[in-house]
Structures are given as C-alpha cells and as structure tokens.
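Below: the structure, in structure tokens.
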Amino acid sequence: MCSTRRVIAKLAALTLLGLGLLVAPSAEAQDWPNKPIKMIVPFPAGGGTDFIARLMAQHLTTRLGQQVYVENRGGANGAIGLQALKQSDPDGYTIAASPNTPLVVNPSLQASLAYKPLEDFIPVAPMVRFPSLIAVHPSVKIAPFPS
C-alpha cells in the first residue's frame with residue numbers, strides 16, 4: 033500500500049472515531065460551549081471552503097446555542113491555518129473547517145510542516161462531498177468520458 037493510501041485510510045479511521053466521540057456522553061461536555069467558538073478556515077475568504085464553513089458556522093450556532101464565527105487564515109495551501117489550530121488552546125473553542133488537501137497532500141509536497149496531520153488533529157465529521165469535473169466550452173468537439 034502506498035503512503036498516500038495509508039494516510040487516507042488512517043484519516044478515514046480517525047473520522048469514524050471522531051464521529052463516535054460526538055455521540056458518546058460526557059460529563060464535561062454538558063458545560064460546553066459556554067463562550068464563542070472560533071472556526072479557522074485555512075484559506076482566504078470567498079472560496080468554496082469559506083462558503084461551506086460559514087454555512088456550517090450558522091448551523092452550529094443555532095444547534096449549540098453559542099456563536100460560532102469564522103476566521104480565515106489563508107496561505108501555504110492551508111498550512112498556516114492548520115498551524116494556528118495546532119497552536120490554539122486544546123479546549124474545544126477553536127476548530128477548523130478544512131478540505132483534505134492540507135492534511136493529505138501537503139505532507140507529500142512540503143518538506144517541513146509545522147503540524148503532523150495524524151498526530152496533531154482528530155477529524156470530527158465530514159462537512160460536504162465535493163465532486164469535481166472537467167468542463168469545456170460547448171463548441172469544443174469532445175465526447176464525454178463514459179461514466
């Protein structure tokens with residue numbers, strides 16, 4: 033198994049673990065949240081990740097009864113925002129909304145990252161499925177690929 037597959041498999045397992053933690057009762061969790069929650073988006077405002085994060089922040093604000101606000105920390109293909117998450121207090125009041133690129137791809141592309149995805153973060157829940165496609169102008173004579 034190549035290292036990329038291994039990383040993806042580990043992240044998937046951590047996601048399932050994180051989802052299990054969401055439904056597990058905890059005495060401490062009953063007092064949370066009692067102050068606003070910062071959601072770091074590791075990309076500039078206005079992009080797809082920012083849009084989804086803002087929708088999620090609105091939903092969480094309603095669901096949790098506490099303000100969830102978005103703070104954009106773009107740069108270095110998401111690494112700056114995730115470094116800010118790593119350096120935040122581990123109290124549950126700073127979370128991140130990130131695509132998988134800074135977690136899965138950056139370790140392969142950047143020799144020195146300020147974070148280790150499998151050690152420094154625990155995925156909690158997927159936010160959205162985001163399929164991509166190849167598109168061309170309608171006048172281009174190209175046949176669609178078979179599904």
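All the letters of the sequence shown, read from the start, carry residue numbers 33 to 179 under our numbering. The beta carbon of each residue, even a glycine, is placed where N, CA and C say it ideally should be. Since we're looking at a predicted model, the values are computed, not measured.
Going by the beta-carbon positions, is the gap between residue i and residue j smaller than 8 Å?
| i | j | result |
| --- | --- | --- |
| Ile-166 | Ala-129 | no |
| Gly-113 | Val-73 | yes |
| Lys-67 | Thr-126 | no |
| Thr-81 | Pro-131 | yes |
| Val-100 | Ala-89 | yes |
Using DSSP with H/G/I as helix, E/B as strand and the rest coil, what is residue i?
| i | result |
| --- | --- |
| Ile-69 | strand |
| Ala-77 | coil |
| Ala-175 | coil |
| Ala-167 | coil |
What is the C-beta distance between residue i and residue j, in whole angstroms, given that I count them as a contact (C-beta under 8 Å)?
| i | j | result |
| --- | --- | --- |
| Gly-110 | Thr-133 | 6 Å |
| Ala-146 | Lys-173 | With a Cβ gap of about 48 Å, Ala-146 and Lys-173 do not count as contacting. |
| Ala-143 | Asn-104 | The pair is not a contact, with the Cβ atoms about 26 Å apart (cut-off 8 Å). |
| Pro-149 | Pro-158 | Rounded, the Cβ-Cβ distance is 15 Å, inconsistent with contact. |
Practice task
Please specify which runs of the beta strand (DSSP E), each continuous and at least 3 residues long, are wholly inside the region 94-165, giving them in chain order.
Solution key: 100-104 and 126-128
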